[in-house]
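Residue numbers (the numbering used here): 42 to 752. C-beta atoms are modelled at their ideal positions from N, C-alpha and C, and glycine is treated no differently.
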């Protein structure tokens with residue numbers, strides 16, 4: 042039960058108070074309970090001193106009614122024990138005694154801290170009055186304690202609320218600053234926006250400096266309120282202590298010494314003094330314990346707090362700003378590295394394109410001359426076979442030159458294939474013939490088992506032969522002398538063609554099987570020469586033919602097997618190749634202007650084209666081509682791109698200004714951008730040296746006859 046109690050005019054509720062009654066006689070305990078029943082208190086009995094002490098351990102009492110004469114521990118001894126306990130040392134004690142030795146007993150009772158001493162018989166009204174006083178006092182004391190606790194609790198809540206509001210303000214400030222820092226990698230713009238966040242959220246003025254490459258501070262942001270043209274102020278503070286010492290600086294209040302520490306120029310110190318600053322805080326921008334700048338804030342408002350809270354908040358923002366600055370620097374470095382890498386890549390591509398052009402150009406007259414000899418009808422069969430070997434190897438040499446550019450094309454997904462239906466066995470045997478000398482040199486036991494009945498593929502014959510040659514050459518390179526080499530083919534149940542090249546050589550470790558088709562990855566083959574491009578290019582070429590290729594090996598020293606699987610093509614569905622030889626009856630006579638600065642190529646192509654019935658006029662430079670075109674009309678322009686006095690594209694432009702021209706670019710440059718440039722320059726086709734004469738012949742036959750008479 043709770044009782045309403047009036048304290049300072051306010052009604053409050055307290056819990057029911059307790060009274061401890063200690064007496065060894067139960068009848069007297071009952072009597073006291075009856076007397077005190079009107080007080081509506083919780084009356085607790087104790088029949089001995091020891092029991093009374095136990096009760097005191099369980100709760101607090103408003104007053105203790107203690108009998109003096111008790112067996113064992115009497116009332117005085119009990120009182121002495123009660124006073125030894127800190128929690129009960131001030132609890133009021135009223136002694137009750139039947140002994141009439143008033144002076145001695147009363148004196149002893151008061152010496153033990155008793156508040157009263159009552160002799161029996163007890164008058165009920167007197168006892169209730171005396172006990173009631175202490176009950177009311179206890180209630181009021183408890184009420185005061187409770188109100189004090191409530192006030193303390195309220196104060197704690199207010200402090201917690203203030204701290205929460207401060208933390209919310211802190212987090213809001215940091216969140217806004219972080220958002221600004223994350224919006225751009227242009228750190229000058231970002232820091233200027235950050236300064237506008239700091240003002241007025243944290244201070245009235247903000248200056249942000251960043252160290253340059255020489256370690257000198259450079260102001261990159263400034264913001265302030267209440268002052269016009271704040272950007273026009275110098276506010277130089279190159280000697281900032283925070284930047285030099287990498288430690289924060291707090292100046293509060295601001296004096297002359299403080300200003301000299303922060304600002305170098307007298308005019309800046311006077312400007313700041315006119316602002317009537319209350320505090321200046323300067324914190325370093327630290328990345329990996331290295332100072333890269335500083336943030337300086339000035340507060341002028343009288344109610345602006347100045348203390349470690351502001352310092353720690355600014356330090357946290359400076360830490361985030363330093364990270365943003367570091368990220369921006371890394372981004373700029375990455376951008377510069379990327380630009381340098383792109384520049385180097387373009388330089389590499391230009392070098393490879395130029396190198397391939399220079400290597401291809403001498404092959405054109407060789408191939409043209411071989412083709413011319415093959416067309417002779419009276420040469421011996423043995424010589425014809427030799428010519429075919431020369432032609433195939435020259436074509437293969439051209440493909441090897443293309444290896445320099447293939448990785449670039451493959452990485453860009455721009456591998457060009459000239460598809461036709463081919464006999465895979467023929468290409469395998471051609472590749473084997475190229476490697477025969479090396480096979481014989483190592484005395485390898487050769488096993489050829491080409492049992493596939495469906496062996497025709499829709500493929501680029503030169504590219505596919507390049508794949509087979511790479512696989513056979515790789516097997517020969519890693520085979521030991523007097524080892525074995527097997528070349529097999531058969532059809533899978535799906536009808537696909539499976540080709541296997543098996544050797545008994547060095548083998549491949551398990552960890553290298555996945556890497557062996559990576560560019561420049563040679564593993565143990567690094568000691569055997571080569572660039573490590575063959576297998577990487579072969580994989581790309583097989584996959585561009587919709588096939589699959591993989592390697593198998595039991596381990597090092599146990600040989601290896603390379604397997605390639607291709608979809609087959611129905612031979613009856615084969616269409617006539619666009620670059621197949623045109624018969625004499627089908628060939629139309631055309632007037633051709635050939636412009637080529639390589640003397641042997643110019644002469645051999647002119648002779649071969651004339652033998653095929655074309656009217657050919659040739660020039661070795663652009664001006665020579667222009668003069669010939671001015672004297673007569675031509676159906677076709679065949680031109681090199683790189684000419685001594687200009688370019689084939691410029692020549693095409695000049696000729697097209699007089700009328701339409703069917704153009705075929707003939708060049709050693711075969712990059713994708715080279716092909717795009719010639720097409721954009723007006724050429725209908727782009728042929729890469731060394732030129733396949735049959736393909737050139739077929740393209741010529743697609744040219745429209747634009748003129749009917751000569752000038």
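So what does residue i bridge to, in DSSP terms?
i: residue 290; result: 323
i: residue 338; result: 247 and 322
i: residue 727; result: 706
i: residue 83; result: 59
i: residue 464; result: 497
i: residue 538; result: 532 and 607
i: residue 158; result: 136
i: residue 176; result: Looking at the DSSP assignment, residue 176 forms no beta bridge with any residue, so it has no partner.
i: residue 260; result: 250
i: residue 591; result: 604
i: residue 677; result: 633 and 703
Assuming residue i and residue j form a contact by the criterion Cβ under 8 Å, report the distance between their Cβ atoms to the nearest whole angstrom.
i: residue 508; j: residue 411; result: Actually they are not in contact, since the Cβ atoms of residue 508 and residue 411 sit about 24 Å apart, beyond 8 Å.
i: residue 339; j: residue 316; result: 7 Å
i: residue 107; j: residue 120; result: 6 Å
i: residue 404; j: residue 438; result: 6 Å
i: residue 641; j: residue 662; result: Contact flag wrong, Cβ pair sits at about 16 Å.
i: residue 172; j: residue 80; result: 6 Å
i: residue 636; j: residue 666; result: 4 Å
i: residue 529; j: residue 537; result: With 8 Å as the limit, residue 529 and residue 537 do not qualify as a contact, their Cβ atoms being about 14 Å apart.
i: residue 461; j: residue 502; result: 7 Å
i: residue 744; j: residue 677; result: 5 Å
i: residue 497; j: residue 609; result: 6 Å
i: residue 333; j: residue 366; result: 6 Å
i: residue 65; j: residue 88; result: 6 Å
DSSP three-state call for residue i: helix, strand or coil?
i: residue 572; result: Caution applies to residue 572, whose pLDDT of 44 falls short of 50 and renders its modelled position unreliable; the model cannot decide the point.
i: residue 579; result: helix
i: residue 667; result: helix
i: residue 117; result: helix
i: residue 353; result: helix
i: residue 434; result: helix
i: residue 255; result: coil
i: residue 524; result: coil
i: residue 238; result: helix
i: residue 732; result: coil
i: residue 530; result: strand
i: residue 698; result: coil
i: residue 295; result: coil
i: residue 150; result: helix
i: residue 331; result: strand
i: residue 638; result: coil
i: residue 743; result: coil
i: residue 543; result: strand
i: residue 688; result: strand
i: residue 108; result: strand
i: residue 53; result: Bear in mind that a pLDDT of 45 at residue 53, under 50, signals an unreliable position, so the number given afterwards is only what the model happens to contain. In this structure, residue 53 counts as strand in the three-state DSSP scheme.
i: residue 657; result: strand
i: residue 683; result: strand
i: residue 601; result: strand
i: residue 221; result: helix
i: residue 41; result: Since the displayed the chain opens at 42 and closes at 752, residue 41 lies outside it and no answer follows.
i: residue 265; result: strand
i: residue 596; result: coil
Hey, residue i and residue j: beta-carbon distance below 9 Å or not?
i: residue 592; j: residue 602; result: yes
i: residue 251; j: residue 243; result: no
i: residue 539; j: residue 493; result: yes
i: residue 93; j: residue 123; result: yes
i: residue 516; j: residue 549; result: no
i: residue 364; j: residue 341; result: no
i: residue 710; j: residue 690; result: no
i: residue 303; j: residue 292; result: yes
i: residue 504; j: residue 458; result: yes
i: residue 581; j: residue 559; result: no
i: residue 128; j: residue 97; result: yes
i: residue 728; j: residue 413; result: no
i: residue 692; j: residue 408; result: no
Taking 8 Å as the threshold, find out whether the stretch 73-82 comes into contact with the stretch 159-173 through three or more Cβ pairs. yes
Just checking, does the stretch 106-122 make contact with the stretch 177-191 on the three C-beta pairs under 8 Å criterion? no
For this session: Would you check if there are 3 or more beta carbon pairs closer than 8 Å linking the stretch 218-236 to the stretch 313-329?
Result: no
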